[in-house]
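Enquirer: Below is one structure. I have some questions about it.
Protein chains in written order, with the numbering used here: chain U, 1 to 145; chain R, 1 to 101.
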């Protein structure tokens with residue numbers, strides 16, 4: 001994978017860092033000059049992935065969340081959100097719309113649906129006790145589109 | 001995150017501004033729930049005109065307040081969501097539960 005630029009950011013699993021993650025992504029993406037809608041889509045997808053790590057991955061203990069953002073050729077944005085939390089036993093089920101294991105926090109169970117809908121590609125790798133890695137890609141429109 | 005609630009004759013408008021994510025939603029939720037429990041409005045409209053970011057945490061916030069308002073015999077409306085927020089609302093099918101104006 002040819003990487004034109006990359007930023008890596010590690011943060012503790014504090015909910016206040018959901019906003020920090022969005023701010024980091026927004027700053028990095030300025031160089032790619034995305035449309036307002038593209039930037040909103042990516043910020044929302046990142047917010048969902050980081051929130052999942054805070055609420056689900058580290059629901060029993062605090063830990064670190066690693067966010068990687070890459071600018072790839074052909075205006076492709078690559079995002080990876082990785083935690084070393086409790087992991088997901090059944091990824092397919094977790095990705096079903098409205099499925100949530102945290103109804104007491106009023107989680108709507110739409111996090112993965114938002115990521116899928118707002119990004120071009122979504123991949124989730126997870127195993128119980130091994131943490132979760134979410135990777136997403138989105139191709140930005142060419143200038144003048 | 002800011003919330004400004006005005007209540008007149010049982011009809012209340014809660015104007016929100018800032019960003020709604022999982023972190024901020026908790027505070028909003030408690031403030032709105034406190035208001036609903038004490039003022040018991042027949043109608044509550046949440047104005048999203050000043051919201052600059054919202055992820056699916058906003059969906060949980062709306063669904064929870066809609067349920068609470070129904071339990072209290074009232075109903076909830078959503079006002080002025082920006083186009084980008086409308087996309088999140090549409091994805092959740094929220095218009096089947098609350099009126100969006």
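From the three backbone atoms N, C-alpha and C, an ideal C-beta is built for every residue, glycine too.
Quick caveat: nothing in here was measured; it's all calculated off a predicted structure.
In chain R, what lies closer than 9 Å to residue 51 (chain U) by C-beta?
Expert: Your numbering for residue 51 (chain U) matches position 51 in the first chain. Those within 9 Å of residue 51 (chain U) in chain R are 21, 22, 23, 55, 56, 57.
Enquirer: Do we get a CB-CB distance below 8 Å when we pair residue 78 (chain R) with the residues of chain U?
Expert: If you number the second chain from 1, residue 78 (chain R) lands on position 78. It does not: the Cβ of residue 78 (chain R) has no partner Cβ on chain U nearer than 8 Å.
Enquirer: Which complete alpha helix (DSSP H) runs does the segment 35-72 of chain U hold, if anything under 4 residues is left out?
Expert: Complete alpha helix (DSSP H) runs here, min 4: 36-52.
Enquirer: With DSSP as the reference, identify every bridge partner of residue 12 (chain U), one or two as the case may be.
Expert: In the first chain, the residue the question calls residue 12 (chain U) occupies position 12. DSSP output for residue 12 (chain U) lists U:64 as bridge partner(s).
Enquirer: So what does DSSP say about residue 1 (chain R), is it helix, strand or coil?
Expert: Indexing the second chain from 1 puts residue 1 (chain R) at position 1. Coil.
Enquirer: Between residue 29 (chain R) and chain U, is any beta-carbon pair separated by less than 8 Å?
Expert: Within the second chain, the letter at position 29 stands for residue 29 (chain R). Chain U contact via Cβ: present.
Enquirer: Where residue 95 (chain R) and residue 89 (chain R) are concerned, what is the direct C-alpha to C-alpha distance, given to the nearest angstrom?
Expert: Along the second chain, one-based indexing puts residue 95 (chain R) at 95. Along the second chain, one-based indexing puts residue 89 (chain R) at 89. Roughly 7 Å separates the two Cα atoms.
Enquirer: Since residue 13 (chain R) and residue 2 (chain R) are thought to touch, with beta carbons under 8 Å apart, how far apart are those beta carbons, to the nearest angstrom?
Expert: Counting from 1 along the second chain, the entry for residue 13 (chain R) is found at position 13. Counting from 1 along the second chain, the entry for residue 2 (chain R) is found at position 2. Between residue 2 (chain R) and residue 13 (chain R) the Cβ distance is about 14 Å, and since that is not below 8 Å, they are no contact.
Enquirer: Tell me which same chain residues have a C-beta within less than 7 Å of the C-beta of residue 52 (chain U), skipping the five on either side of it?
Expert: Counting from 1 along the first chain, the entry for residue 52 (chain U) is found at position 52. Cβ within range, chain order: 111.
Enquirer: Would you check if the segment 50-57 of chain R and the segment 2-11 of chain U touch, i.e. whether three or more CB-CB distances between them fall below 8 Å?
Expert: Contact between the segment 2-11 of chain U and the segment 50-57 of chain R is absent, because fewer than three Cβ pairs lie under 8 Å.
Enquirer: According to DSSP, residue 14 (chain R) sits in a beta bridge with which residue or residues?
Expert: For the purposes of this step, residue 14 (chain R) is taken as the residue at position 14 of the second chain. Residue 14 (chain R) is bridged to R:5, R:46.
Enquirer: Might you give, ordered along the chain, the residues of its own chain that have their beta carbon closer than 7 Å to the beta carbon of residue 33 (chain R), omitting 5 neighbours on each side?
Expert: Here residue 33 (chain R) corresponds to residue number 33 of the second chain, with the count starting at 1. Contacts found: 68.
Enquirer: Please classify residue 144 (chain U): is it buried, with 16 or more other beta-carbons within 10 angstroms of its beta-carbon, or exposed?
Expert: The residue you call residue 144 (chain U) lines up with position 144 of the first chain. At residue 144 (chain U) the pLDDT is 48, less than 50, meaning the model places this residue with poor confidence; the figure from the coordinates comes in the next sentence. With fewer than 16 Cβ atoms within 10 Å of its Cβ, residue 144 (chain U) is classed as exposed.
Enquirer: Using the beta-carbon count (16 or more within 10 Å), is residue 123 (chain U) buried or exposed?
Expert: Here the question's residue 123 (chain U) lines up with position 123 in the first chain. Per the 10 Å Cβ criterion, exposed.
Enquirer: My understanding is that residue 58 (chain U) touches residue 33 (chain U), with C-beta atoms under 8 Å, so please give their C-beta distance in whole angstroms.
Expert: The sequence position of residue 58 (chain U) within the first chain is 58, counting from 1. The sequence position of residue 33 (chain U) within the first chain is 33, counting from 1. Their Cβ separation, rounded to whole angstroms, is 34 Å, which puts residue 58 (chain U) and residue 33 (chain U) out of contact at 8 Å.
Enquirer: Within a Cβ cutoff of 6 Å, which residues of the same chain sit near residue 92 (chain R), ignoring the five residues on either side of it in sequence?
Expert: Indexing the second chain from 1 puts residue 92 (chain R) at position 92. So the list reads 59, once near-sequence residues are dropped.
Enquirer: Look at the alpha carbon of residue 68 (chain U) and the alpha carbon of residue 16 (chain U), and state the distance between them as a whole number of angstroms.
Expert: The sequence position of residue 68 (chain U) within the first chain is 68, counting from 1. The sequence position of residue 16 (chain U) within the first chain is 16, counting from 1. Going from the Cα of residue 68 (chain U) to the Cα of residue 16 (chain U) covers about 18 Å.
Enquirer: Kindly list, in the order they appear in chain U, the residues whose Cβ is closer than 8 Å to that of residue 88 (chain R).
Expert: Within the second chain, residue 88 (chain R) is the residue found at index 88, counting from 1. By Cβ distance, chain U contributes 44, 114.
Enquirer: Which ranges does the alpha helix (DSSP H) cover as unbroken runs of at least 4 residues, wholly within the segment 15-92 of chain R, from first to last along the chain?
Expert: If we require 4 residues or more, the alpha helix (DSSP H) runs fully inside the segment 15-92 of chain R come out as 22-39, 57-71, 83-92.
Enquirer: Among U:25, U:100, U:39, which has the Cα closest to the Cα of residue 66 (chain U)?
Expert: Position 66 of the first chain holds residue 66 (chain U). It is U:25.
Enquirer: Quick check: is the beta carbon of residue 19 (chain U) nearer than 8 Å to any beta carbon in chain R?
Expert: Counting from 1 along the first chain, the entry for residue 19 (chain U) is found at position 19. Chain R, which has a Cβ nearer than 8 Å to the Cβ of residue 19 (chain U), makes this yes.
Enquirer: Does DSSP put residue 124 (chain U) in a helix, a strand or coil?
Expert: Taking the first residue of the first chain as 1, we reach residue 124 (chain U) at position 124. Strand at residue 124 (chain U).
Enquirer: Please confirm whether residue 140 (chain U) has its beta-carbon closer than 8 Å to some beta-carbon of chain R.
Expert: Residue mapping note: residue 140 (chain U) aligns to position 140 of the first chain, counting from 1. For residue 140 (chain U), the answer is no, since every Cβ of chain R falls outside 8 Å of its Cβ.
Enquirer: Just verifying my parser: in three-state terms, what is the DSSP assignment at residue 76 (chain U)?
Expert: Walking along the first chain from the start, residue 76 (chain U) turns up at place 76. Three-state result, residue 76 (chain U): strand.
Enquirer: Using the three-state DSSP reduction, which class does residue 134 (chain U) fall into: helix, strand or coil?
Expert: Here the question's residue 134 (chain U) lines up with position 134 in the first chain. Residue 134 (chain U) falls in the strand class under three-state DSSP.
Enquirer: By the 10 Å Cβ neighbour count, where 16 or more other Cβ atoms means buried, how is residue 76 (chain R) classified, buried or exposed?
Expert: Position 76 of the second chain, counted from the first residue, corresponds to residue 76 (chain R). By the 10 Å Cβ count, residue 76 (chain R) comes out buried.
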